[in-house]
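With this note's numbering, the residue at position 72 of the sequence shown is 73, and numbering never jumps. The C-beta atom is built at its ideal place from N, Cα and C for all residues, glycine as well. Below is one structure, written out as structure tokens, with a few remarks after it.
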Amino acid sequence: LQYEKILKLTSDAKLESGDVKATIAVLGFILSSAAKHNVDSESLSSELQQLGLPKEHAGGLCRSYEEKQSSLQDSLRACSLRRECGVGRARWRVVPVLRGEAELPPGQPQGLQPET
Numbered sequence: 002l003q004y005e006k007i008l009k010l011t012s013d014a015k016l017e018s019g020d021v022k023a024t025i026a027v028l029g030f031i032l033s034s035a036a037k038h039n040v041d042s043e044s045l046s047s048e049l050q051q052l053g054l055p056k057e058h059a060g061g062l063c064r065s066y067e068e069k070q071s072s073l074q075d076s077l078r079a080c081s082l083r084r085e086c087g088v089g090r091a092r093w094r095v096v097p098v099l100r101g102e103a104e105l106p107p108g109q110p111q112g113l114q115p116e117t
């Protein structure tokens, strides 16, 4: 992200540094959430206008969003927790533990053991 370039582009709006950072964060959240939920650009434009963004600004954002939507979705998939940590590959089984049986080793959740 070219923060200096963004500051230069927003200088005529007389936004402070914190306001620019907040705007970038909000736009990032909105666009990534739209891509995550596969929102089409027309619906996104309508929602942005309902939030108070002028139609011209919403249209410009949505044109960029439409051009980059698939690459944004690919990027979000690559960074997703499910994919990175391999949760889908973890195999666990429930082991019934009866009263009076030996305790499981420390750090081992009671009633859960990794499959071997």
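Which residues in the same chain have their Cβ closer than 7 Å to the Cβ of residue i, if we skip the five residues on either side of it in sequence?
| i | result |
| --- | --- |
| R84 | Model confidence at R84 stands at a pLDDT of 48, short of 50, so the residue's coordinates are unreliable; what they give is reported in the following sentence. The residues are R78. |
| Q50 | K56, A59 |
Note the first and the last residue of the continuous alpha helix (DSSP H) segment covering residue i.
| i | result |
| --- | --- |
| C63 | 56-79 |
| G29 | 18-37 |
| L49 | 42-51 |
| K9 | 4-10 |
For residue i, count neighbouring Cβ atoms within 10 angstroms of its own Cβ and tell me buried if that reaches 16, exposed if not.
| i | result |
| --- | --- |
| S65 | exposed |
| S46 | buried |
| A23 | exposed |
| C80 | exposed |
| A14 | exposed |
Given this structure, state the Cα-to-Cα distance separating residue i from residue j, to the nearest angstrom.
| i | j | result |
| --- | --- | --- |
| S18 | D75 | 31 Å |
| D20 | C63 | 22 Å |
| L54 | Y4 | 22 Å |
To which residues of the same chain is residue i closer than 6 Å at the C-beta, ignoring the five residues directly before and after it?
| i | result |
| --- | --- |
| A120 | This structure gives no information on residue 120, because the portion of the chain shown stretches from 2 to 117. |
**OP:** Kindly confirm or deny that the stretch 41-48 and the stretch 63-76 touch, where touching means at least three C-beta pairs closer than 8 Å.
**Re:** yes
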